[in-house]
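Taken in sequence, the protein lines are chains L and S. Note that my numbering has the first sequence beginning at 354, numbered continuously upward. Note that my numbering has the second sequence beginning at 8, numbered continuously upward. All C-beta atoms, glycine included, are put in the ideal place defined by N, C-alpha and C.
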Amino acid sequence: MPNTMPEALLQTREVMISAQDICKAFNGQPVLRKVSLDLMRGEVVAVIGPSGSGKSTFLRCLNHLETIDSGQLLIEGEVLAETNAAGICSYVPEAQIRRIGRKMGMVFQSFNLFPHLTVLENVIEAPMVVKGLARAQIVPRAEALLAKVGLLEKRNSYPARLSGGQKQRVAIARALAMEPDILLFDEPTSALDPELTGEVLRTMRELAQEKMTMLVVTHEMGFAREVANRVAFMDRGELIESGPAAEFFAQPKHARTQAFLHNML
Amino acid sequence: MEYVLSLLGPLSQGALVTLKLFVITLALAVPLGLALALVRVSRFRALARLVGGYIWLMRGTPLMLQMLFIYFALPFVPVVGVRFDDFPAAVVAFALNYAAYFAEIFRAGIQSIDRGQYEGAKVLGLSYGQTMRRIVLPQIWPRILPPLSNETITLVKDTSLIYVLALNDLLRAARGIVQRDFTTTPFIVAACFYLVMTLVLTWGFQYLEKRYAKYDA
Chain L
354 MPNTMPEALL QTREVMISAQ DICKAFNGQP VLRKVSLDLM RGEVVAVIGP
404 SGSGKSTFLR CLNHLETIDS GQLLIEGEVL AETNAAGICS YVPEAQIRRI
454 GRKMGMVFQS FNLFPHLTVL ENVIEAPMVV KGLARAQIVP RAEALLAKVG
504 LLEKRNSYPA RLSGGQKQRV AIARALAMEP DILLFDEPTS ALDPELTGEV
554 LRTMRELAQE KMTMLVVTHE MGFAREVANR VAFMDRGELI ESGPAAEFFA
604 QPKHARTQAF LHNML
Chain S
8 MEYVLSLLGP LSQGALVTLK LFVITLALAV PLGLALALVR VSRFRALARL
58 VGGYIWLMRG TPLMLQMLFI YFALPFVPVV GVRFDDFPAA VVAFALNYAA
108 YFAEIFRAGI QSIDRGQYEG AKVLGLSYGQ TMRRIVLPQI WPRILPPLSN
158 ETITLVKDTS LIYVLALNDL LRAARGIVQR DFTTTPFIVA ACFYLVMTLV
208 LTWGFQYLEK RYAKYDA
C-alpha cells in the first residue's frame, strides 16, 4: 500500500509492525478474520470500529497479550509468530517473545497502574526490575517524563489519589520510561469523563509530533482525524479499509465504513 | 489477690511454652503457606493438584489426630519413619496444618488481584516471577490481613491441644493447679493470659491494616 503513505515517510519506510492474515477465535467464535496491517516508523495509525469489532483483540495480539491462531507477526523485522504451509502457527521461544515485546509499550483503557506504588515508583519500577538500572540512574529520566506529561508535582502521590486523566498520563510516562520504539494504545480515553479526555489526547498529540510510532485503538474520531496519519476501520473481525486520515473521513470507500462514520459523526 | 499473684509464676511458665509453639508455628507456616499457594496458582497443573490434595488432607482431619500421628505413628511408617520428641512433633503438626489454612488465604489474595495488573507488568517486560514478587504479592497483604488475623488468633488458642503430648502449656499448667488447689481461679487467670495475647495480636493487625490503608484511597 505505498500509495497510502504520506510523502514524508516514503523515504524511510521502515516497517515497525507487520501483521499478515491474523486469525483468532475465542471458543470457536472468530474475532479476527485475516487481519493485515503494517505500521511504519513515525506513523500514527488509528484503528476505529464498533464495539466487538476485534480492534482491541488485534492490538493485544501484537504484544502477546493474546495469542494468534494463524497468520504472521513481525516486529521490526523479527518474527514473533508465523504459520507454516500446513497451517500450524508457532511462536518464537519465550525469552525472544519477551525481548521483542519490550520494543512495544502499551497504554490500557483501565490504566493498570500499580496501586501500591507512588507515581514515581510506577514509572521507575520496570527500568529498575527489567533493565536493572539503579534508582539514581532512572529517577532524573522518570522525573523528566512526569514533567512532560505535566505531573511532576504528583510524583509522591499514590494512583488512588489521581483523576482518570492523570492516571492515564502516568501510564503513558510509565510506558515511555522503558524507551519503546512503538506505543500501543487500547482505547486510552474510553474510561475517562469527557472533560478529562482532552489532557490525555494532548499528551498523545505531543508524542505524535515527536514522531513516536503509535497504534491507537480509539473511539475519538476527532483524534483520529487530526492526529493519525492513517485510519483503519474494523468491523466484525475484519479490517474493512484503511487510508490516509483526511481521505478516509472525506471519502470512505466501503459501505460499512460509511454507515459507521455516519452514525459516529 | 495474693493467691492470684502466686499463680502468675507457674502460669507464665506455661504461657512461655504456648508462646514458643505459637511463634515457631507462625514463622514456619506463613512462608510454607505462601509457597503452597504459589504452587497452587502456578501453571504446573500436576503440582497444583498435589497441593490441593495436601490442603484437603490437612483441613479434612483434626489437628489433634495429625499431632498424635506424627508423634506416635510416624516413627513406624516405612521409608519416612522419623521420630520426633514431643515438642518438635507438635511444631511439625502445627506448621503443616496451619500452612494449609494460610495457603488458602494467600491463594484467595493472589486471585483477587485484577488481571490488568499482570498485563500491565507483562507489557513492561516483567517476568512472571518479577510480577509476583514486585506487583502481586505486595498488593495482597492489605486484603488478606483480616483472615490472617483470624487464623493467627485461632492458633493462639489451638496451642492448648498440645496437652495430649503431655506438654506443659498454659492451659495444662492451669489445670494442674486447679486439681491441686480445688479452685477454678487458675482457669480465669489463664483466660486472662490468652486474652492479653490475642489483644496484642489484634492491635498488631490493626496497626498493619492502617499502615497498608495509605494507598487504598
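- Annotation: the segment 140-216 of chain S contains the following complete segments of the alpha helix (DSSP H) (minimum length 4 residues), in chain order: 144-165 and 177-188.
- Contact of S/Ile-142 with chain L by beta-carbon distance below 7 Å involves Phe-467.
- Cα atoms of S/Tyr-170 and S/Tyr-105: separation of roughly 18 Å, rounded to the nearest angstrom.
- Between L/Ser-443 and L/Gln-449, the alpha-carbon positions lie close to 13 Å from each other.
- Look at L/Arg-583 here: in three-state DSSP terms it is strand.
- Cβ-Cβ separation between L/Arg-386 and L/Gly-590: approximately 4 Å, consistent with a contact (criterion under 8 Å).
- Among the bridge pairs identified by DSSP, L/Ile-375 is matched with L/Val-388.
- If you ignore the 5 residues before and after L/Gly-440, its C-beta comes within less than 8 Å of the C-beta of Ser-423, all in its own chain and listed in chain order.
- Here L/Asp-588 carries a strand assignment [DSSP, helix/strand/coil].
- Cβ-Cβ distances below 8 Å link S/Cys-199 to nothing in the same chain once the five nearest sequence neighbours on each side are left out.
- Between the segment 72-86 of chain S and the segment 106-126 of chain S there are fewer than three C-beta pairs closer than 8 Å, too few to call the two in contact.
- Between L/Val-570 and L/Lys-408, the C-beta gap is smaller than 8 Å, which places the two residues in contact.
- In the structure shown, S/Leu-12 falls within a helical segment according to DSSP collapsed to helix, strand and coil.
- Two segments are said to touch when three or more pairs of C-beta atoms, one from each, lie closer than 8 Å; by this definition the segment 483-500 of chain L does not touch the segment 410-422 of chain L.
- Among the residues of the segment 542-568 of chain L, none has a Cβ less than 7 Å away from any Cβ of chain S.
- Taking the C-beta atoms as reference points, S/Ile-147 is found nearer than 8 Å to S/Phe-113.
- Look at L/Phe-538 here: in three-state DSSP terms it is strand.
- Between the alpha carbons of L/Leu-426 and L/Gly-454 lies a distance of about 12 Å.
- Of all residues in the segment 97-125 of chain S, only Gly-123 and Gln-124 come within less than 7 Å of chain L when Cβ atoms are compared, listed by chain position.
- For S/Ser-19, the secondary structure class from DSSP, reduced to helix, strand or coil, is helix.
- Under the Cβ criterion of 8 Å, L/Met-531 is counted among the residues facing chain S.
- Contacts between S/Lys-217 and chain L, judged by CB atoms closer than 7 Å, are missing: the closest CB pair is about 15 Å apart.
- Short of 6 Å from the beta carbon of L/Lys-564, and not among the five residues preceding or following it, lie these beta carbons of its own chain, in chain order: Gly-395.
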